[in-house]
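Student: One structure is given below, represented as structure tokens, and several questions about it will come after.
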Amino acid sequence: GAGVSQSPSNKVTEKGKDVELRCDPISGHTALYWYRQSLGQGLEFLIYFQGNSAPDKSGLPSDRFSAERTGGSVSTLTIQRTQQEDSAVYLCASSSTGESPLHFGNGTRLTVT
Amino acid sequence: GENVEQHPSTLSVQEGDSAVIKCTYSDSASNYFPWYKQELGKRPQLIIDIRSNVGEKKDQRIAVTLNKTAKHFSLHITETQPEDSAVYFCAASREGKLIFGQGTELSVKP
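Heads up: the sequence lines are chains V and L, in that order.
In terms of my numbering, the first sequence is residues 48 to 160.
In terms of my numbering, the second sequence is residues 9 to 118.
Okay, structure coming up:
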């Protein structure tokens, strides 16, 4: 079947604008993750959804960042009042359970000018 | 929360040599330890994983060892090939929350 799908693949926005990134996980996967990867850097944990449980938001860097997952499927990551330091690749991943292999999407490359 | 340290940050080996990457974790309740390989411009992909009830796991040229007492785990790649060149990430998970190390850029020179 289809893998994890992310859109848009690239997003250029002006400083101060809001952006919304979308992730469509593999069907049936209960766990969904968002990570941020700056150029040449590691995978920074942002947020984790597991089934109907409250999400683990401990990695969100500021209150400008929020995420939701509707109907246990599609997730959106919203960044308000974007700053230049928000520029990075935002990766979404899903897995069948909380501790099984993650399947990553291709990411959204966000550039804030 | 969980903190994962990974060393070295860069590693260069000759083709055919072995490569070892080491990670330590802070949360003794972590129980799942996967390794991911990320080639340039591509998404990370799982290469091997180990759970806390196992001390060692091997898959062809790749092996992972886990020392729960010391809270460290290692990736061993034998008979390295140029196509092994990539960035490797270790990770540790407690109750599904997966935290990654900073990555090791492995370069295999022919």
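Don't be surprised by glycine CBs; every beta carbon is placed ideally from N, CA and C.
Please read all numbers here as calculations on a predicted model, not as lab measurements.
Within the chosen definition, does the region 24-44 of chain L reach the region 108-121 of chain V through at least 3 CB pairs nearer than 8 Å?
Tutor: With the cut-off at 8 Å, the region 24-44 of chain L and the region 108-121 of chain V do not touch.
Student: When the distance is taken between beta carbons, is residue 106 of chain V closer than 8 Å to residue 93 of chain V?
Tutor: In the first sequence, counting from the first residue as 1, residue 93 of chain V sits at position 46. In the first sequence, counting from the first residue as 1, residue 106 of chain V sits at position 59. Cβ atoms of residue 93 of chain V and residue 106 of chain V: closer than 8 Å.
Student: Output the boundary residues of the beta strand (DSSP E) element that contains residue 67 of chain V.
Tutor: As a first step, residue 67 of chain V must be located in the first sequence, where it is residue number 20. Here the beta strand (DSSP E) through residue 67 of chain V covers 66-71.
Student: So if I threshold CB-CB distances at 8 Å, which residues from the region 64-82 of chain V count as touching chain L?
Tutor: The region 64-82 of chain V vs chain L, Cβ under 8 Å: 78, 80 and 82.
Student: If you draw a straight line from the alpha carbon of residue 60 of chain L to that of residue 38 of chain L, how long is it in whole angstroms?
Tutor: Position 52 of the second sequence, counting from 1, holds the residue named residue 60 of chain L. Position 30 of the second sequence, counting from 1, holds the residue named residue 38 of chain L. Rounded to whole angstroms, residue 60 of chain L to residue 38 of chain L spans 8 Å at the Cα level.
Student: Just mark residue 79 of chain V as buried or exposed, buried being the case when its beta carbon has 16 or more other beta carbons within 10 Å.
Tutor: On the first sequence, residue 79 of chain V is found 32 positions in, with the first residue counted as 1. The residue is buried, with at least 16 neighbouring Cβ atoms inside 10 Å.
Student: Span of the beta strand (DSSP E) holding residue 99 of chain L?
Tutor: Residue numbering aside, residue 99 of chain L sits at position 91 when the second sequence is read from its first letter. Taken as a continuous stretch (DSSP letters only), the beta strand (DSSP E) holding residue 99 of chain L covers 94-102.
Student: Could you list which residues in chain L have their beta carbon closer than 8 Å to that of residue 95 of chain V, in chain order?
Tutor: For the purposes of this step, residue 95 of chain V is taken as the residue at position 48 of the first sequence. Going along chain L in sequence order, the residues near residue 95 of chain V (Cβ under 8 Å) are 104, 105 and 106.
Student: Are the region 72-92 of chain L and the region 127-143 of chain V touching, with three or more C-beta to C-beta distances below 8 Å?
Tutor: Cβ pair count under 8 Å is below three, so no.
Student: For the region 48-64 of chain L, list every residue whose C-beta sits within 9 Å of some C-beta in chain V, in sequence order.
Tutor: Listed by position, the residues of the region 48-64 of chain L near chain V (Cβ gap below 9 Å) are 50, 51, 52, 53, 54, 57 and 59.
Student: Scan the region 79-105 of chain V and note each continuous beta strand (DSSP E) run of 3 residues or more that stays entirely inside, going in chain order.
Tutor: Listed in chain order, the complete beta strand (DSSP E) runs (minimum 3 residues) inside the region 79-105 of chain V are 91-97.
Student: For a test of the three-state rule: what should DSSP assign to residue 90 of chain L, helix, strand or coil?
Tutor: Along the second sequence, one-based indexing puts residue 90 of chain L at 82. The answer is helix: DSSP assigns residue 90 of chain L an H, G or I state.
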